[in-house]
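Asks:
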Amino acid sequence: MIRVPGDKSITHRALLLAGLAEGESRLSGLLPGEDCRSTAACLRALGVEIPELPLDGSEIRVRSRGAGALRSPSIPLDCGNSGTTARLLLGLLAGLPVTAILTGDASLRSRPMRRVTDPLTRMGARFREDGEPDRLPIQVTGGPLGSLAYISPVASAQVKSALLLAGLTGGVPVTVVEPHASRDHTERMLRLLGVSVEAGPGSVGEDGEGAGGWRVSLKPTSGPLPPLEFQVPGDFSSAAFLAAFALLGGAGREGLRLGGVGLNPTRSTLLQVLGRMGGGVEVIGAGEEEKGTGEPVGDLVLRPVALHATEVGGEEIPGLIDEIPILAVLAARAKGVTRIRDAGELRVKESDRIAALVVNLRALGVEVEEFDDGLAVRGTDAPLCGQVRTFHDHRIAMAFGVLGALPGNDIQVEDPQVVEVSYPGFWALLAELASGSRTSNGEKKGGRQPVVTVDGPAGSGKSSTALAVARALGFRHLDSGALYRGLTLALFRSPVPEANWDDLSESDLSAFSIELEPRGDGFGILLEGEDPGEALRSREVTRRVSRAARIPAVRARLLELQREAAREGGVVTDGRDMGTVVFPDAEVKIFLVADLEERARRRLLQEGRDTSPEAVAEEAKRLRERDRTDEEREVSPLREPADAHVLDTTHLSFPEQVDRIVGWVREHID
Ligand code: S3P
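For the sequence shown, position 50 (counting from the first letter as 1) is numbered 49 according to numbering that gives the first Met the number 0, and the numbering increases by one without interruption.
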């Protein structure tokens, strides 16, 4: 059974409510994606104790002394790419006696915020826009609030939740009417904690104002919020990508089973739409609420089907708003023209998703019509090939990733790492499903996967190649360079003076705690059990890493670690001595070569530098020197492994080069 990562929306809410509760909350199944890590980091800055979000969804304990103990942070709260973090925090802080500046990445700083700050201002909170109007960064000054009855022009769970949280922290009644019901996780969780939240069709006032929409009212509670014990269900929105892949035949005739998926009716409207498009989805155990979560959970069994077009709009939209990118991809493979309307909200998501879908589908040769509030897609069964721009939007990347992983299509997704926001490990899993190395039940098929080594001189593009090959095969990339940086950082932080590093023995170095932890499509590095984060790329480390890498004891210490990480195979690794020293028994060895000038040009391009003939000649001179020292050095000199495939990439494009290597590995597997 494949388990999708924890629900993003619910993870945010679980963390925020645990931060407001008094005592120790126990949370498991949390999504460790970047968005939720942003929420955790903001709460830490406000004084809540939250450990790192574990990659395997295991339980964590969150400690807080309650809403009243949250303090004004000394640094701006960085919400990263996460609209939910920003908007829900604006509401939560509005009712507390704190001042905080909220900001985020370029995408988040271009998204509207007045949809929450306007009604919160009516309640009495104060906001200062430090950037563009209606945009982050925004300073919030919370304090005593008045009650609110509000008709929201948009069906937005973020707006509704922000206002309910303000009512909660400000201790005042709040009623929100939205045009259609949006996801109701906040309401469900608040009820679990004993807060009175009523919902139903209706209006704000007795005169029927706002009638016809969906009404949600919160009555304030007295006393602190109790701690939570909560298991986050799998994210329906993440499951939707794998489901689409299986429906389109990518997981083979047997299809796929996805287990433990959240099936909240305000989130799973896609199932209804898929029913109209041809079915293929069986839901098992829907309606059963996962213990103590108040959220229905079940399994999805998916089989390939021939899809046909449908019309989607009106009140269906809020229940599938995040699934529209993948729905548009399904529409591209369905018979007829699928029309999606009333979805103008898509223009203010992590990207303008209507524009992103239109531009990318057209680039692949799909016929699309763009509307202000949606799009129409004519299905085709022609092979779809080309480059896709993600606009830094995780769901755009995953939707087209699914399309690209289907047989016959050839699609390159620019910046695939954006999926880390909501689905760490997505690419590896997708590639495994595509290559048939998992059964329909999600089990990995037997047989050890090979270890692939990629060696070559400086500037031969080893590490980007190794990463792309790993992703294409669903293997993990073992970045030896990062590992050397890790040990260099540990040395730098240790009391051993730099002048004495060369005298360290292997047993001295065994006292340094350094571990590799499978993470996403690679490995994370832990020093003393902690992720060193950006420190790995600091100037201090960059300056010392090549010196540290020449120390024989350092190489010996890391040798074992690398072999251990690759013990079960399915790893692509790059370096200078991977195929000769570290993995002499690797099943597939690659040695990359390219003309000196070409390597110099690529280096300059990669670093964003000038590529005039003079600059290239200068860089080529430096590389020639570097080649000589690399070949002549005593410790781990650069050598071509006798049994390597030598790949001259001078005249190959990057995708061609990756394809060749993937081909060699596949030959080996077959
Ligand atoms: C979310 C609500 C939705 C959704 C977003 C998560 C939430 O946004 O698109 O991914 O967790 O409340 P809107 O409330 O803006 O529709």
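The C-beta atom is built at its ideal place from N, Cα and C for all residues, glycine as well.
Hey, could you find the ends of the beta strand (DSSP E) D576 is sitting in?
Replies: That residue, D576, is in no beta strand (DSSP E); it is neither H nor E in DSSP.
Asks: Kindly indicate which three-state DSSP category F582 falls into: helix, strand or coil?
Replies: Note: F582 maps to coil in three-state DSSP.
Asks: Looking at C-alpha atoms only, which residue of V231, F511, L247 is the closest neighbour of A433?
Replies: Measuring from the Cα of A433, the nearest candidate turns out to be L247.
Asks: Does A154 pass the burial test, meaning 16 or more other C-beta atoms within 10 Å, or should it be called exposed?
Replies: A154 should be labelled buried.
Asks: Is V571 near the ligand S3P - that is, is its Cβ less than 8 Å away from at least one heavy atom of it?
Replies: Every heavy atom of the ligand S3P is 8 Å or more from the Cβ of V571, so no.
Asks: Can the beta-carbon of Q411 be found less than 9 Å from the beta-carbon of G385?
Replies: A contact, by the Cβ cut-off of 9 Å.
Asks: Consider the C-beta atom of L87 and the heavy atoms of the ligand S3P; say whether any pair is separated by less than 8 Å.
Replies: Within the cutoff, so yes.
Asks: Would W500 and L490 qualify as a contact pair, given that the criterion is a beta-carbon distance under 9 Å?
Replies: Yes. Within cutoff.
Asks: Taking C-alpha atoms, which residue in I150, R62, I524, L503 lies nearest to S479?
Replies: With distances taken between Cα atoms, S479 lies closest to I524.
Asks: Kindly list the residues whose CB is nearer than 6 Å to the CB of Y483, restricted to its own chain and excluding five residues on each side of it in sequence; keep chain order.
Replies: Once the five neighbours on either side are set aside, the close Cβ partners of Y483 are V544, A548.
Asks: Report buried or exposed for G607, applying the criterion of at least 16 other Cβ atoms within 10 angstroms of its Cβ.
Replies: Exposed, because fewer than 16 other Cβ atoms sit within 10 Å of the Cβ of G607.
Asks: Going by the CB atoms, is the gap between A354 and E369 shorter than 9 Å?
Replies: Their beta carbons are under 9 Å apart, which means E369 touches A354 by this criterion.
Asks: With burial defined as no fewer than 16 other Cβ atoms inside 10 Å of the residue's Cβ, what is the status of K218: buried or exposed?
Replies: By the neighbour-count rule (16 or more Cβ atoms within 10 Å), K218 is not buried but exposed.
Asks: Does the beta-carbon of I150, which I'm using as the reference point, lie nearer than 8 Å to any heavy atom of the ligand S3P?
Replies: Because no heavy atom of the ligand S3P lies under 8 Å away, the Cβ of I150 does not count as near it: no.
Asks: For W213, write down the residues that DSSP places opposite it in a beta bridge.
Replies: Note: W213 sits in a beta bridge opposite E177, P200.
Asks: Find out if the Cβ-Cβ distance for the pair D392, E344 is shorter than 9 Å.
Replies: No, the Cβ-Cβ distance between D392 and E344 is not below 9 Å.
Asks: Taking 9 Å as the threshold (C-beta atoms), are P31 and G67 in contact?
Replies: No, the Cβ-Cβ distance between G67 and P31 is not below 9 Å.
Asks: Residues bridged to E529 by DSSP?
Replies: Answer by DSSP bridge pairing, in chain order: L526.
Asks: How many whole angstroms separate the CB atoms of R554 and V634, which I take to be in contact at a CB cut-off of 8 Å?
Replies: Yes, they are in contact, since the Cβ atoms of R554 and V634 sit about 6 Å apart, within 8 Å.
Asks: Say yes only if the C-beta of H391 is nearer than 8 Å to one or more non-hydrogen atoms of the ligand S3P, and no if none qualify.
Replies: No, Cβ of H391 sits at least 8 Å from all heavy atoms of the ligand S3P.
Asks: For G385, which residues does DSSP report across the bridge?
Replies: In DSSP, G385 forms a bridge with I410.
Asks: Exposed or buried, what is S37 when buried is set at 16 or more other beta-carbons lying within 10 Å of its beta-carbon?
Replies: Buried, by the Cβ-count rule.
Asks: I need the DSSP call for V553, collapsed to helix, strand or coil.
Replies: In this structure, V553 counts as helix in the three-state DSSP scheme.
Asks: Check this for me: beta carbons of G569 and L472, under 9 Å apart or not?
Replies: Yes.
Asks: Does DSSP classify V139 as helix, strand or coil?
Replies: Three-state DSSP puts V139 in a strand.
Asks: Can you check DSSP and say which residues form a bridge with R127?
Replies: Beta-bridge pairing links R127 to Q138.
Asks: As a quick exercise: from R475, P118, Q605, E567, pick the residue whose alpha carbon is nearest that of I150.
Replies: Checked all of R475, P118, Q605, E567; the closest Cα to I150 is P118.
Asks: DSSP beta-bridge partners for T280?
Replies: This sequence places Val at residue 280; Thr is not what is there. Per DSSP, L301.
Asks: Is V158 a contact residue of the ligand S3P, with contact defined as CB to any heavy atom under 8 Å?
Replies: Yes, the beta carbon of V158 sits closer than 8 Å to at least one heavy atom of the ligand S3P.
Asks: Mind the definition here: the segment 175-187 touches the segment 88-100 only if three or more C-beta pairs lie below 8 Å; say whether that holds.
Replies: No contact exists between the segment 175-187 and the segment 88-100.
Asks: Are there three or more Cβ pairs, one per stretch, closer than 8 Å when the segment 217-232 is compared with the segment 62-76?
Replies: Yes, since at least three Cβ pairs between the segment 217-232 and the segment 62-76 fall closer than 8 Å, the two stretches touch.
Asks: Can you tell me whether G82 sits near the ligand S3P, meaning its C-beta is under 8 Å from at least one heavy atom of the ligand?
Replies: Yes; taking the cut-off as 8 Å, the Cβ of G82 has a heavy atom of the ligand S3P nearer than that.
Asks: Considering H184, what are the terminal residues of the alpha helix (DSSP H) in which it resides?
Replies: Note, H184: alpha helix (DSSP H), 184-191.
Asks: What's the gap between the Cα of P382 and the Cα of K334?
Replies: Answer to the nearest angstrom: the Cα atoms are 15 Å apart.
Asks: Taking 9 Å as the threshold (C-beta atoms), are V581 and Q561 in contact?
Replies: Yes.
Asks: Nearer than 8 Å: is that true of the beta carbon of A154 relative to any heavy atom of the ligand S3P?
Replies: Checking the Cβ of A154 against the ligand S3P gives yes.
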